[in-house]
Amino acid sequence: MAPRTIAIYGKGGIGKSFTTTNLSATFAMMNKRVLQLGCDPKHDSTTSLFGGISLPTVTEVFAEKNAKNEQVQISDIVFRRDIPGFPQPIYGIELGGPQVGRGCGGRGIISGFDVLEKLGIFEWDIDIILMDFLGDVVCGGFATPLARSLSEEVILVTSNDRQSIFTSNNICQANNYFRTIGGRSRLLGLIVNRDDGSGMAESYAKAAGINVLMKVPYNLEARDMDDSFDFAVKLPEVGEPFRKLAADILADAITPCEASGLDFRDFVRLFGDVSEERPAAATAKELFRRPSVDGDAAQPAPDAKTNNSAPDPERQRLLACIEKLPEPEREIYTLLEFEGKSPAEIAGLNSLSEEEVKAAIATARKAMRKLFFEL
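With the numbering used here, the residue at position 369 of the sequence shown is 1020, and numbering never jumps.
Right under this line is the structure:
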């Protein structure tokens, strides 16, 4: 009988590994053979499961074996832990990925699944495979179980903050997309972790048509147990909702959701009033402004198209010459040459006659020719 596969998605740091680990422990205590598959380049999903040990990753082992022209074996990447009082061991794998900034994490996920499929992962004598997936990315590699229907079911983990709910909505939309093109992964629902009682995640779930599978209240003792690599389900107030969820999953008592996720406008309206005004457009003129020589006001650069990353020596000379002009010639020259104002417009702005402006322009141009060749 093929293993039952469940992908658990959530925003980084929201407690998806905590949820996955304690669900693995719960299934094992219910006499099920469980494999927890960490699908995050940080490769820390199974750390608590294995008492603080960081498992060798598929990515690392594959690179080492490939360099020696050797094949990866099951015993190189699959590990087990026999836990006192548990009727079944728990198995763990970490797919891993590149070091920070040195490669594509999604590509590592895809390659890792290729290795596992060649090793027959979906034919192993395992009851349940829990895939712990990073959810706050759009890279296609992290959607592998949805795109290729490698997970029969999907569970979202969130809390009551907008960003983690937004991540859940993204995964809901992704799963719906893949279902429209033949995907078979079914969305079981949503787990509210660190529930503060505000009800935001539940409001979202109701609006999106998603089941709320379980609410796990914030519990300081549970956090401390997780930090010390122990199972929080040993606490009755944590263990009971996990046992109920595990039993419902095994009994197929959860009706999968048909949710497609909310569009962005409907999503943000869950959190407050949203302005309907169109944002003001920025202009090239305002973005290329430069301080005036006297520091009182900002003046635009002569031409945004000439503002390259390397300074133009001719332009720099021009600006240096302008700095040496006396007032009011400097201001009038700047308005004329930089802002394209006509003499009549400049006269109106400076309470001068047009003749006075033209005279100042002539004086400024004569001074500029002299200054330009002196510098």
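Backbone N, C-alpha and C fix where the C-beta goes; we use that ideal spot for every residue, glycine too. Predicted, not measured: the structure shown is a model, and the values here were computed from it.
Given 8 Å, three or more beta-carbon pairs between the stretch 875-895 and the stretch 673-682: yes
Exposed or buried, which one is Ala994 when buried takes at least 16 other CB atoms within 10 Å? Position check: residue 994 holds Pro in this sequence, whereas Ala was assumed. Its Cβ being crowded by 16 or more others within 10 Å, Pro994 is buried.
Let me check one thing: in DSSP terms, what residues is Leu746 bridge-paired to? DSSP output for Leu746 lists no bridge partner at all.
On the CB-based measure, 16 or more other CB atoms within 10 Å of its CB, does Tyr869 come out buried or exposed? exposed
Name the residue from Lys866, Lys885, Met865 whose alpha carbon lies nearest to the alpha carbon of Ala873. Lys885
Counting only beta-carbon atoms, is Ile780 nearer than 8 Å to chain B? Protein chain content of the structure displayed is limited to a single chain, and chain B is not contained in it.
How is the beta strand (DSSP E) around Thr656 delimited, first residue to last? 655-661
When DSSP builds the beta bridges, which residues end up paired with Val863? In DSSP, Val863 forms a bridge with Leu841.
For Asn717, count neighbouring Cβ atoms within 10 angstroms of its own Cβ and tell me buried if that reaches 16, exposed if not. exposed
Helix, strand or coil for Glu996, going by three-state DSSP, please let me know. helix
Taking the CB atoms as reference points, tell me whether Ser800 and Ser836 lie closer together than 8 Å. yes
Using the three-state DSSP reduction, which class does Gln1068 fall into: helix, strand or coil? The first residue shown for the chain is 652 and the last is 1026, placing residue 1068 beyond what the model contains.
Between which two residues does the alpha helix (DSSP H) containing Met876 stretch? Under the DSSP assignment, Met876 falls in the alpha helix (DSSP H) whose first and last residues are 871-878.
Give, in chain order, every unbroken run of the beta strand (DSSP E) that is at least 3 residues long and sits entirely within the stretch 653-720. The DSSP assignment places 655-661, 685-690 as complete runs of the beta strand (DSSP E) inside the stretch 653-720, in order along the chain (cut-off: 3 residues).
For Phe1023, which residues from the same chain have a beta carbon less than 6 Å from its beta carbon, with the 5 sequence-adjacent residues on both sides left out? Cys972
Can you tell me whether Glu715 is buried or exposed, with buried defined as 16 or more other CB within 10 angstroms of its CB? exposed
How big is the Cα-Cα spacing for Phe939 and Ile657? 53 Å
Ends of the alpha helix (DSSP H) at Ile780? Careful: Ile780 lies outside any alpha helix (DSSP H), inside the beta strand (DSSP E) at 779-785.
Does Pro887 pass the burial test, meaning 16 or more other C-beta atoms within 10 Å, or should it be called exposed? exposed
Would you identify the three-state DSSP class for Thr795, choosing helix, strand or coil? Helix, per DSSP.
Under a three-way DSSP split, which group does Cys755 fall into? Looking at Cys755 - three-state DSSP - the assignment turns out to be coil, as it is neither helix nor strand.
For Arg1016 and Ala932, what's the separation of their Cα atoms in angstroms? 35 Å
Asp847, DSSP secondary structure in three states: Judged by DSSP in its simplified three-state form, Asp847 adopts coil rather than helix or strand.
Taking Phe918 as part of the alpha helix (DSSP H), name the residues at either end of that continuous run. 915-920
Quick check on the burial criterion: 16 or more other C-beta atoms within 10 angstroms. Buried or exposed for Thr831? exposed
Can you check which of these residues, Glu996, Pro740, Leu785, Leu797, is closest to Asn827 by C-alpha distance? Measuring from the Cα of Asn827, the nearest candidate turns out to be Leu797.
Can you tell me whether Ala955 is buried or exposed, with buried defined as 16 or more other CB within 10 angstroms of its CB? With a pLDDT of only 46 at Ala955, under 50, the local geometry of the prediction cannot be trusted, and the value read off the model is given with reservation. Exposed, because fewer than 16 other Cβ atoms sit within 10 Å of the Cβ of Ala955.
Measure the C-alpha to C-alpha separation of Ile822 and Ala794 and round it to an integer number of angstroms. 8 Å
Could you check what DSSP says for Cys908 in three-state terms: helix, strand or coil? strand
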